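614 is the number that this note's numbering gives to position 332 of the sequence shown; each next residue is one higher, with no gaps.
Reviewing the structure listed below.
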Amino acid sequence: MKQVSCQLRCGLLGETLGHSYSPRIHAYLGDYDYRLYEVPKNKVEDFILHGDWDGLNVTIPYKKVAASLCDELSDIAKSLGSVNTLVKRDGKIYGYNTDYYGFKSMVLETGVRLSGKKALVLGTGGTGVTVQKVLSEMGAEVIPISRSGEDNYDNIEKHSDAVLVVNATPVGMYPKNGVSPLDLRRIPSCECVLDVIYNPMRTALILQAEALGLKHKSGLHMLVAQAKYSSERFQNKKISDDSVTFIEKSLTKELENIILIGMPGSGKSVVAQALGQRLHRQVIETDAEIVKNAGMSIPEIFERSGEEEFRRLETAEMQASGKLSERIISTGGGVVTREENYNLLHQNGIIVWLERDTNKLPTDGRPISQKSDLSELYAKRKPMYERFADIKVDNNGTVAETVDRIIKEIEGMV
């Protein structure tokens, strides 16, 4: 295909966009301007027909109205009745549905075999319809699940032989993290779980799939893949399929929190500050946030209200900080004593266990450390740290050495 000028004016069109990853993704895909266009409903038709743009991605609620304003639709867009990509060329507006290709790429990445197998699609909206079409064309027996249809969440057990579950609803999406549309234990034959949501990186549904040992994939891959297909149409040129994997890995590395756990006094705060400076990221000290919100020191919280109240405040802080992205998060030594904190941290982060010899651990200002034998405390908590940690890093050397080790280990994971 012939390449057009790099001075393209492109962007994402929607009613309320908030924080979008699309500009970052398209910066990898080509040398063109990519902006966010928040346009109210009463002005969207005029913007599409007369706006100063060359290529647009379109998000809800404008996918159907965009399709109705196109001069020509691709076969896929025509069959779905909605578009998410517009190109203005030769005085005409062309409409495409690249979500179709993005989701298909997501399925192929998992390697799940669907021919003749049953697949459940949670949600019957626009995304659900696109998902259904892809799966049907791949040979699956597709069962749409809705709240009140013939096949619904109350009778979903009659499809317990399904091998694939796809969440095409917004349930579990930021900022309403931690909610799942389905308990996967109700589908014992399930082999693979896909969630089109990409924020958080791991929804409650994906976290359960991970815990059950099922194949799983979050929506970031679909987002990047559909952007790649959109960009090909913007620029009128082919882009390597390998770019999807490269961009997905790069974005994951950029967006994922780095969370430090370890014994009280193991150096989490100092290492967090050094990591923040090295990676140019904001640092969150969860103990400091608890103190700020409670209006008293940690020893005072323990003295007035006891450890259980402190743990409750700590979990509340994990809920707040765990929803964020691109942070370095330094936690308290006992964060691992509450199992629910794992999902709150892991949903958007890599968890790093800092190990330091117990004879090097200070106890000043640490109520648990002061009243405990540190060797016994370590023996008790070691299995908890192992359960939480994605990687373990020795912190008996210099801070710079520890930071280097953490970065090297994460590079190897992503």
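No residue lacks a Cβ here, since even glycine has one placed at the ideal position from N, Cα and C.
What you are looking at is a predicted structure, and each value in this text was computed from that prediction instead of being measured.
Look at the alpha carbon of residue i and the alpha carbon of residue j, and state the distance between them as a whole number of angstroms.
i	j	result
Leu318	Pro305	8 Å
Lys325	Glu297	10 Å
Ile488	Gly373	44 Å
Ala682	Ser551	13 Å
Asn678	Asp639	7 Å
Val286	Leu362	No answer about Val286 holds up, because its pLDDT of 45 lies below 50 and its placement is not dependable.
Pro482	Gly405	19 Å
Val565	Glu608	9 Å
Ala598	Lys346	40 Å
Tyr303	Tyr316	11 Å
Ile689	Asp334	43 Å
Glu536	Arg563	10 Å
Asp336	Thr380	17 Å
Glu637	Val675	6 Å
Pro436	Asn449	For the sequence presented, residue 436 should be read as Asp rather than Pro. Using only the alpha carbons, I get a separation of about 16 Å.
Gln629	Gly495	16 Å
Asn339	Lys519	17 Å
Gly616	Glu391	38 Å
Arg620	Lys323	46 Å
Gly408	Lys360	13 Å
Thinking just about the alpha-carbon of each residue, which of the options is nearest to the one in residue i?
i	options	result
Leu295	Tyr310, Ile342 and Ala309	Ile342
Gly544	Ile307, Phe329 and Gly614	Gly614
Arg515	Ala491, Ser603, Arg371 and Val448	Arg371
Ala491	Asn366, Ile479 and Leu466	Leu466
Tyr376	Val448, Ile540 and Ile358	Ile358
Lys664	Asn641, Trp635, Ser532 and Arg593	Trp635
Ile479	Gly495, Leu494 and Pro452	Pro452
Thr684	Tyr435, Leu557 and Gly604	Leu557
Ala507	Met455, Thr392, Gly495 and Ile307	Ile307
Asp313	Arg593, Lys510, Leu290 and Asp672	Leu290
Glu419	Arg620, Asn449 and Phe385	Phe385
Pro457	Leu595, Thr527, Gly604 and Ile583	Gly604
Ser525	Leu311, Ser356, Gly293 and Leu299	Leu311
Ile521	Ala509, Lys531 and Ser532	Ala509
Gly293	Gly398, Cys352 and Ser513	Ser513
Ile632	Ala661, Ala602, Gln414 and Arg484	Arg484
Ala309	Ala348, Ser532, Asp523 and Gln414	Ser532
Can you name, in chain order, every residue of its own chain whose Cβ lies under 8 Å from the Cβ of residue i, other than the five neighbours on each side?
i	result
Ile231	Because residue 231 is not part of the residues shown, which for the chain are 283 to 696, the question remains open.
Val394	Val445, Leu446, Glu473, Cys474 and Lys497
Ile438	Leu402, Ile427, Leu464, Arg468 and Ile469
Asp353	Lys374, Ile375 and Tyr376
Leu606	Asn539, Ile566 and Asn630
Glu530	Leu502, His503 and Val506
Take the Cβ of residue i as the centre, count every other Cβ of all protein chains shown within 10 Å, and call the residue buried at 16 or more, exposed below.
i	result
Leu626	buried
Leu331	exposed
Met695	exposed
Thr680	exposed
Asn459	buried
Asn366	buried
Gly431	exposed
Pro546	buried
Arg687	buried
Asn538	Rather than Asn, the amino acid found at residue 538 in this sequence is Glu. Buried, since its Cβ has 16 or more Cβ neighbours within 10 Å.
His301	exposed
Gly454	buried
Phe670	buried
Gln517	buried
Ser350	exposed
Ser471	exposed
Asn623	buried
Asp655	exposed
Ala493	exposed
Give me the Cβ distance between residue i and residue j, rounded to the nearest whole Å; I'm assuming they're in contact under 8 Å.
i	j	result
Met600	Leu476	That belief does not hold up - the Cβ atoms of Met600 and Leu476 are roughly 26 Å apart, past 8 Å.
Ala486	Val461	6 Å
Leu643	Ser548	7 Å
Tyr382	Thr412	5 Å
Ile540	Ile610	5 Å
Leu502	Thr534	7 Å
Ile583	Glu590	Not quite, the Cβ-Cβ distance comes to about 11 Å (not below 8 Å), so this is no contact.
Leu595	Ala576	6 Å
Val618	Tyr667	6 Å
Which residues in the same chain have their Cβ closer than 7 Å to the Cβ of residue i, if we skip the five residues on either side of it in sequence?
i	result
Val573	Ser579 and Ile580
Gln555	Val565
Leu396	Leu417, Met420, Gly421, Ala422 and Leu446
Gly410	Val403, Pro426 and Ala450
Ser657	Thr640
Between residue i and the rest of its own chain, which residues show a CB-CB distance below 6 Å, the 5 nearest in sequence each way excluded?
i	result
Ser612	Leu542, Lys550, Ser551, Ala554 and Glu567
Glu693	none
Val369	Gly337, Tyr376 and Arg515
Leu505	Tyr480
Leu355	Gly377
Phe329	Val321
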